[in-house]
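Residue numbers (the numbering used here): 1 to 266.
Here it is as structure tokens:
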């Protein structure tokens with residue numbers, strides 16, 4: 001899943017991964033707070049500041065990867081305020097307050113947020129390219145006049161038009177009656193594939209076509225399985241759609257009115 005920021009798109013991690021990172025963030029925050037309340041073993045200025053910088057960079061990176069954009073911004077402000085609060089209360093525990101520690105913490109938050117957003121942005125573009133390459137294996141080319149599906153055929157695939165145009169025909173007493181056209185984004189064969197019924201229409205490429213030939217069962221498995229809410233809802237909608245379109249096609253056929261190009265009864 002991706003989330004938009006203006007023209008940018010950032011990937012959103014799965015919920016279980018985010019919960020793990022959130023738990024890790026709060027564990028790290030508690031660890032840093034506890035370490036800040038004891039006497040340091042590192043007395044060298046450069047090493048001390050490097051530890052502060054690294055710790056808050058790590059926390060900010062996790063924070064940016066875990067939360068939504070709005071909550072991330074709130075969390076970053078909280079993290080910066082927490083770092084200054086820790087420096088403020090350190091003298092109460094026989095430690096000296098150091099403004100440079102707080103500045104190192106702030107620099108770490110800035111660096112970590114940049115790293116986190118950068119990783120999410122890069123992941124989005126990487127996953128988009130990977131998904132596009134993965135979808136290419138489903139592409140099929142049909143020339144004008146090619147019969148893609150025949151009326152009465154048992155099919156185990158459905159089709160999505162990427163480019164070109166197909167025409168739908170209904171078999172009436174041995175004659176093919178034009179019922180409409182489907183262009184880019186048009187879907188056909190889904191009802192037959194999902195419900196295991198035979199094709200009601202013959203689909204012929206009107207122009208040279210580039211289409212996705214996909215499998216409904218594989219699509220459901222990738223969405224989490226047939227018992228998941230998305231799969232159950234989709235199956236129910238397809239059945240309702242099938243019954244409504246059945247009625248619509250019969251009515252239109254009575255008056256010999258071509259079916260709209262947006263109506264898929266294939």
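Idealized CB from N, CA, C, for every residue including glycine.
Alpha helix (DSSP H) segment containing residue i, residue limits
{"i": "residue 102", "result": "99-135"}
{"i": "residue 202", "result": "No alpha helix (DSSP H) holds residue 202; the beta strand (DSSP E) holding it covers 201-205."}
{"i": "residue 87", "result": "69-89"}
{"i": "residue 16", "result": "15-36"}
{"i": "residue 215", "result": "Unbroken run through residue 215: none, as it is neither H nor E."}
Beta-carbon separation (whole angstroms), residue i vs residue j, contact threshold 8 Å
{"i": "residue 232", "j": "residue 142", "result": "Incorrect: roughly 33 Å between the Cβ atoms, too far for contact."}
{"i": "residue 100", "j": "residue 64", "result": "With 8 Å as the limit, residue 100 and residue 64 do not qualify as a contact, their Cβ atoms being about 24 Å apart."}
{"i": "residue 162", "j": "residue 184", "result": "7 Å"}
{"i": "residue 62", "j": "residue 21", "result": "5 Å"}
Range covered by the beta strand (DSSP E) that runs through residue i
{"i": "residue 171", "result": "166-172"}
{"i": "residue 138", "result": "Looking at the DSSP string, residue 138 is not in any beta strand (DSSP E), and its letter there is neither H nor E."}
{"i": "residue 184", "result": "That residue, residue 184, is in no beta strand (DSSP E); it is neither H nor E in DSSP."}
{"i": "residue 162", "result": "158-163"}
Bridge partners - residue i, DSSP secondary structure assignment
{"i": "residue 177", "result": "170"}
{"i": "residue 154", "result": "198"}
{"i": "residue 147", "result": "204"}
{"i": "residue 233", "result": "The partner list for residue 233 (beta bridge, DSSP) is empty, contrary to what the question assumes."}
{"i": "residue 210", "result": "141, 163"}
Residue environment, residue i, which counts as buried when at least 16 other CB atoms sit within 10 Å
{"i": "residue 105", "result": "buried"}
{"i": "residue 88", "result": "exposed"}
{"i": "residue 129", "result": "exposed"}
{"i": "residue 16", "result": "exposed"}
{"i": "residue 30", "result": "exposed"}
{"i": "residue 113", "result": "buried"}
{"i": "residue 236", "result": "exposed"}
{"i": "residue 217", "result": "exposed"}
{"i": "residue 145", "result": "exposed"}
{"i": "residue 96", "result": "exposed"}
{"i": "residue 188", "result": "buried"}
{"i": "residue 68", "result": "exposed"}
{"i": "residue 135", "result": "exposed"}
{"i": "residue 49", "result": "buried"}
{"i": "residue 35", "result": "exposed"}
Touching by the beta-carbon criterion (3+ pairs, under 8 Å), the region 161-179 and the region 109-128: no
If we count Cβ pairs, one from each stretch, closer than 8 Å, do we get three or more for the region 122-140 versus the region 66-77? no
Determine contact between the region 205-221 and the region 154-169, defined as no fewer than three beta-carbon pairs at a distance below 8 Å. yes
At a cut of 8 Å, does the region 186-202 reach the region 148-157 through at least three beta carbon pairs? yes
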